[in-house]
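Asker: The UniProt record's numbering puts the first residue of the sequence shown at 1, with every later residue one more than the last.
Yeah, the Cβ is synthetic: ideal placement off N, Cα and C, and Gly gets one too.
Quick one: this structure, given as structure tokens, is what I'll be asking you about.
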Amino acid sequence: MGLLKTIGALYLKAAGWEAVGEVPEGKYIVVAAPHTSNWDLPYTLAVAWVLGVKIHWLGKHTLFEGPFGPFMKALRGVPIDRRSSNNATKSVANWIQEQKGDVVLAVAVEGTRSKKEFWKSGFFYIAKEANVPLLLGFLDYKNKRGGFGPVLQPTEHPRELMDQMRAFYDGIEGKRHENTTPVRLREEVTDV
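The structure is reproduced here in structure tokens:
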């Protein structure tokens, strides 16, 4: 058992949590939901370490500035400047394609820890641009479980894909359940 796996196992055991699921080989975008607390990152990392997943995660570029920057990068964080969404999508997709071997990149699809009307759609467009599938990841604070579910292929129109995600995430509760953004994209409202 490697050091990170041991640390993750001790962390989850102390918290009374369990890690479930598995990650197939290859390149994936992990749909990380719900995201309602700063505690989501340590739990996500612990779950990934226990399951033997070398997970990368997108974080707001300001997390990587100052004294904590090197630490965040050591935890496999990938800075993203969201001020230019089109360039961000393309640069992340390019980053995925440039990586050799397996790449598992977690994207907090809500884009924030507070409740909004829609998920951010960047995960969908990154997956399409990079030609990689989506892996549904979750943290369920109510049942103290975290892990990975089904793999989905991005489609031309996101509605069918989002229906599958709504079914999967139904009943999964974030740490601050009242801050959970509904599982829907703005494109679903405008996609007629």
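In whole angstroms, give me the CA-to-CA distance for residue 182 and residue 21.
Answerer: Straight-line Cα distance between these residues: approximately 23 Å.
Asker: Within 10 Å of its beta-carbon, does residue 155 have 16 or more other beta-carbons around it, so buried, or fewer, so exposed?
Answerer: With fewer than 16 Cβ atoms within 10 Å of its Cβ, residue 155 is classed as exposed.
Asker: Alpha carbon to alpha carbon, what distance is there between residue 151 and residue 165?
Answerer: About 10 Å.
Asker: Contact between the stretch 115-127 and the stretch 4-20 is defined here as three or more beta-carbon pairs at a separation below 8 Å; is this criterion met?
Answerer: Verdict: no, contact absent.
Asker: Would you call residue 192 buried or exposed, if buried means 16 or more other Cβ atoms sit within 10 Å of its Cβ?
Answerer: Low confidence applies to residue 192: its pLDDT is 44, below 50, so where it sits in the model is not reliable, and the reading given next is rough at best. That one is exposed.
Asker: Tell me, please, which residues DSSP counts as bridged to residue 57.
Answerer: In the DSSP output, where bridge partners are listed per residue, residue 57 has 77, 106.
Asker: Hey, is the stretch 132-151 in contact with the stretch 60-71, meaning 3+ C-beta pairs nearer than 8 Å?
Answerer: Segments in contact, no.
Asker: Out of curiosity, what's the CA-to-CA distance linking residue 134 and residue 65?
Answerer: Between residue 134 and residue 65, the C-alpha separation is close to 29 Å.
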